[in-house]
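Below is one structure, written out as structure tokens; the observations come after it.
2 protein chains.
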Amino acid sequence: MKIAIDGMGGDNAPKSNVEGVVSAIKEYNIDIIITGDKDVLEREFANYEFDRSKLEIVHTTEIIENEDKPVKAIRSKKDSSMVVALRLVKEGKADAVVSAGNTGALLAGGLFVVGRIKGIDRPCLCPAIPNVKRGMTIIADGGANADCKPRNLVEFAAMTNIYSKKVLGIENPRISLANVGAEEGKGNDLMKKSYEELKNMDINFIGNLEARDVINAKTDVIVCDGFTGNILLKSAEGVAMSVMGLLKETFLSSTKGKIGAMLLKDDLRKLKSFMDYAEYGGAPLLGVNGGVIKAHGSSNSKAIKNAINQGIKFAKGNVLEEIEDFVQSFKEDNEE
Amino acid sequence: MKIAIDGMGGDNAPKSNVEGVVSAIKEYNIDIIITGDKDVLEREFANYEFDRSKLEIVHTTEIIENEDKPVKAIRSKKDSSMVVALRLVKEGKADAVVSAGNTGALLAGGLFVVGRIKGIDRPCLCPAIPNVKRGMTIIADGGANADCKPRNLVEFAAMTNIYSKKVLGIENPRISLANVGAEEGKGNDLMKKSYEELKNMDINFIGNLEARDVINAKTDVIVCDGFTGNILLKSAEGVAMSVMGLLKETFLSSTKGKIGAMLLKDDLRKLKSFMDYAEYGGAPLLGVNGGVIKAHGSSNSKAIKNAINQGIKFAKGNVLEEIEDFVQSFKEDNEE
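Going down the list, the protein sequences come from chains A and B. Using this note's numbering, the first residue of the first sequence is number 1, and each one after it goes up by one. Using this note's numbering, the first residue of the second sequence is number 1, and each one after it goes up by one.
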């Protein structure tokens, strides 16, 4: 098992990436190939003691920045840490790849460097948001495809069903459709047509779900177009962060508040950890011909380590083969 | 000035509706026509002392329930408190109408009983969500139209611009487009095309806004199709409610937590009031030929009173005439 990692991608790269790699090697005893400036990476790794035989550094000379235009960056920065890491998966030199870099570039790289699984129309990005049961809920698509057809949502549902079983270990994942009401027949044209398709699929489709119930752990996966997924996710993120900010402000505005907050320190930390993305690793890009895990841009070492673990499970779970099987059976069903 | 109110609509009707009416008569010295079962309403009003000459009760025999199919209910329950209240506005007997009843039915009633303003393609429902600056942000459309064309978003922007000035007293309302990124050219097909239209309008268009920034008071109005608006709003509501729930659970889980929570009681109440819909009145239905205010289904008397105040400002601000002026100038611009 060998995982590739983009050493220079992410707000805290290369420090967090290197630290995450060291933790992953120690914890999972796997082989890692990291891409990036060799001198810089060597200096970082020198701070840690670990089994160096598990690590390979592939020197790259370019970095894709957050401000770079995704498609242009992938095409022009051929020796960037991200493109080279993606190529390692494409060429079978690594079993999966993790990057915390430019999301748009990673999506473009997934398409142009790694390539789609034959028969899949559109790959989807599947971030997870924490729910009140201390679990997580997958949004598919979380932002890769702004405009979708019902066929795309069918693919998203099938692929996340496989991913949830094989990587997250959920036996019979509940899959729902993002909508404005629970009843059949609700929503926009896309959702009405997609409902008809999803209810006939061989998955545990639990119907429409309102956005307010995503955090209430009523589903394991919520399926939608990438525009809707982004709105749902970012709206939730914005409120969670603002409420935590207001809470802090409220507590610090009086002496009584400060004493109260001190007493509650541990409890508040628990609450904060519920909203901590680092706990949950990264978002898989499903539908491309290799394991590609997008770690959060602000990933710390723990988030990187967890994303590497996702990559390991992705490869071990034969997710790609399962998706290919779905494509085959889907094709046969539609030829009947 | 005369405001009509659906006396039987809402989870707390008729009690909260009656109490809200009494407060509004006292505070704003206006005339109210309330629709509903006369005996039931009389019994409720008997609990309060106020100037009865300001109140008229119009007896109705039917109630539209939350479970009723909207269009069917409006067409078949002609003597319902909601339909009769809407008809009062249509016939010019009231200057605006407030209802806390079935949202879908009120939308249908707005279209079929009150009717559209000539030249407006689609009316929009404009709920507001609280923001961190203790103000509010309008979502337009918040759920009336699941599928929209760019033309609809142009109308939503123009109408909320007028409403924000005339009813909310915002001098130069910031109007943004809900999107997945701030840069021009982002988003789905609808948003790309709508951006082109909005940037050429005579409004303070501040460009695309990500869903996470709605709560941060970066805009006064966010324009989108009703499907997206519903997802944005409900996702925010769900997280706000869940975080408050988790907070409570966390505080009550230990003695230290309980003491801390007691010390923080006043501060926590302040935080809760930030998320209190009652403070903010109702959502106007813009584009129909009369002032129609949808109060929250769970409105208490304060929310009803505030929604009545919105109706007063709507009528005083000549919002309808201003929308008609926009339609006229828009028509002329497109004929040039």
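Backbone N, C-alpha and C define an ideal beta-carbon position, used for all residues, glycine too.
Residue i: contacting residues in chain B (beta-carbon distance under 8 angstroms)
i	result
Val-214 of chain A	Ser-235, Gly-238
Gly-207 of chain A	Chain B residues near Gly-207 of chain A: none, gap ~16 angstroms exceeds 8 angstroms.
Gly-20 of chain A	Neighbours of Gly-20 of chain A on chain B: none; closest Cβ ~25 angstroms, over 8 angstroms.
Rounded separation between residue i and residue j - CA only
i	j	result
Gly-282 of chain A	Gly-119 of chain A	25 angstroms
Asn-306 of chain B	Glu-322 of chain A	56 angstroms
Ile-175 of chain A	Gly-10 of chain A	31 angstroms
Gly-110 of chain B	Thr-61 of chain B	20 angstroms
Phe-251 of chain A	Thr-255 of chain B	19 angstroms
Glu-196 of chain B	Ile-57 of chain B	49 angstroms
Met-241 of chain A	Leu-264 of chain A	19 angstroms
Ile-33 of chain A	Ser-253 of chain A	49 angstroms
Cys-148 of chain B	Gly-226 of chain B	8 angstroms
Arg-134 of chain B	Lys-234 of chain A	20 angstroms
Glu-67 of chain A	Ala-295 of chain A	17 angstroms
Asp-121 of chain A	Pro-150 of chain B	27 angstroms
Ile-231 of chain A	Ala-46 of chain B	48 angstroms
Val-89 of chain A	Phe-314 of chain A	13 angstroms
Gly-245 of chain B	Val-239 of chain A	14 angstroms
Ile-63 of chain A	Leu-198 of chain B	36 angstroms
Ile-138 of chain B	Lys-72 of chain B	29 angstroms
Met-201 of chain A	Ala-146 of chain A	24 angstroms
Lys-331 of chain B	Leu-86 of chain B	29 angstroms
Ser-329 of chain B	Gly-290 of chain A	55 angstroms
Arg-43 of chain A	Glu-65 of chain A	22 angstroms
Lys-2 of chain A	Ile-312 of chain A	8 angstroms
7 angstroms Cβ cut-off: residues of chain A touching residue i
i	result
Glu-210 of chain B	Lys-234
Thr-137 of chain B	None at all; the shortest Cβ gap to chain A is about 11 angstroms.
Gly-143 of chain B	Val-180
Ser-242 of chain B	Val-132, Ile-215, Asn-216
Ile-231 of chain B	Ala-178, Ala-211, Thr-228, Ile-231, Leu-232
Gly-101 of chain B	Result: empty, since nearest Cβ-Cβ is about 16 angstroms, beyond 7 angstroms.
Residues that residue i contacts on chain A, provided the C-beta gap is smaller than 8 angstroms
i	result
Ile-175 of chain B	Within chain A, no residue comes near Ile-175 of chain B; the closest Cβ sits about 18 angstroms away, beyond 8 angstroms.
Asn-289 of chain B	Going along chain A, no residue has its Cβ under 8 angstroms from Asn-289 of chain B, so there is no contact; the nearest lies around 26 angstroms.
Val-71 of chain B	Chain A residues near Val-71 of chain B: none, gap ~13 angstroms exceeds 8 angstroms.
Phe-254 of chain B	The sequence shown places Ser at residue 254 of chain B, rather than the Phe named in the question. Neighbours of Ser-254 of chain B on chain A, chain order: Asp-267.
Gly-110 of chain B	Residues of chain A passing the Cβ test: none, with the nearest at roughly 18 angstroms.
Gly-297 of chain B	Result: empty, since nearest Cβ-Cβ is about 14 angstroms, beyond 8 angstroms.
Gly-9 of chain B	Those within 8 angstroms of Gly-9 of chain B in chain A number zero; the least Cβ separation is about 19 angstroms.
Cβ shell of residue i (< 6 angstroms), same chain only, five flanking positions each side left out
i	result
Lys-54 of chain B	Ile-25, Asp-31
Val-337 of chain B	Within the shown structure, residues of chain B are numbered from 1 to 336, placing residue 337 of chain B beyond reach of any answer.
Phe-326 of chain A	Ala-158
Thr-228 of chain B	Ala-178
Phe-112 of chain B	Ile-74
Val-180 of chain B	Lys-186, Gly-187
Neighbour list for residue i in chain B, Cβ cutoff strictly below 9 angstroms
i	result
Thr-60 of chain A	Those do not exist, as Thr-60 of chain A stays about 27 angstroms from chain B at its closest Cβ, beyond 9 angstroms.
Gly-36 of chain A	Under the 9 angstroms cutoff, chain B gives no residues; its nearest Cβ is about 27 angstroms from Gly-36 of chain A.
Contact test: residue i Cβ vs the ligand GTP heavy atom, cutoff 7 angstroms
i	result
Lys-54 of chain A	Among the components modelled here there is no ligand, and therefore nothing to report on the ligand GTP.
Proximal residues of chain B, C-beta to C-beta of residue i below 7 angstroms
i	result
Gly-187 of chain A	Ala-146, Phe-227
Gly-311 of chain A	None at all; the shortest Cβ gap to chain B is about 26 angstroms.
8 angstroms Cβ shell around residue i - same chain, five flanking residues per side excluded
i	result
Ile-170 of chain B	Ser-164, Asp-220
Asn-318 of chain B	Lys-166
Gly-142 of chain B	Cys-124, Leu-125, Cys-126, Pro-127, Gly-226, Gly-229, Asn-230, Leu-233, Ala-283
Ile-129 of chain B	Met-136, Thr-137, Ile-139, Val-214, Ile-215, Leu-233, Ala-236, Glu-237
Pro-173 of chain A	Thr-160, Asn-161, Ser-164, Lys-165, Ile-203, Asn-204, Asp-220, Val-221
Same chain only: Cβ atoms within 7 angstroms of residue i, ignoring 5 sequence neighbours per side
i	result
Lys-218 of chain B	Leu-209
Val-40 of chain B	Pro-14
Glu-324 of chain B	Ile-117
Val-83 of chain A	Ile-74, Lys-77, Gly-109, Val-113
Ser-16 of chain B	Gly-10, Ser-299, Asn-300, Ser-301, Ile-304
Met-191 of chain A	Leu-177, Asn-179
At 3 residues or longer, what runs of the beta strand (DSSP E) sit wholly inside the segment 180-236 of chain A? 204-210, 221-223
At 3 residues or longer, what runs of the beta strand (DSSP E) sit wholly inside the segment 95-151 of chain B? 96-99, 128-130, 136-140
Segment contact flag, the segment 280-300 of chain B with the segment 94-112 of chain B, C-beta cutoff 8 angstroms, min 3 pairs: yes
Suppose only complete runs of 3+ residues qualify. What are the beta strand (DSSP E) ranges in the segment 245-330 of chain A, listed by chain order? 283-286, 291-294
Taking 8 angstroms as the cut-off, does the segment 198-213 of chain B touch the segment 256-270 of chain B (at least 3 CB pairs, one atom from each stretch)? no
Does the structure place the segment 44-54 of chain A close enough to the segment 5-24 of chain A that three or more beta carbon pairs sit under 8 angstroms? yes
Suppose only complete runs of 4+ residues qualify. What are the alpha helix (DSSP H) ranges in the segment 17-51 of chain B, listed by chain order? 38-45
What runs of the alpha helix (DSSP H), each 4 residues or longer, lie entirely inside the segment 52-93 of chain A? 70-76, 81-90
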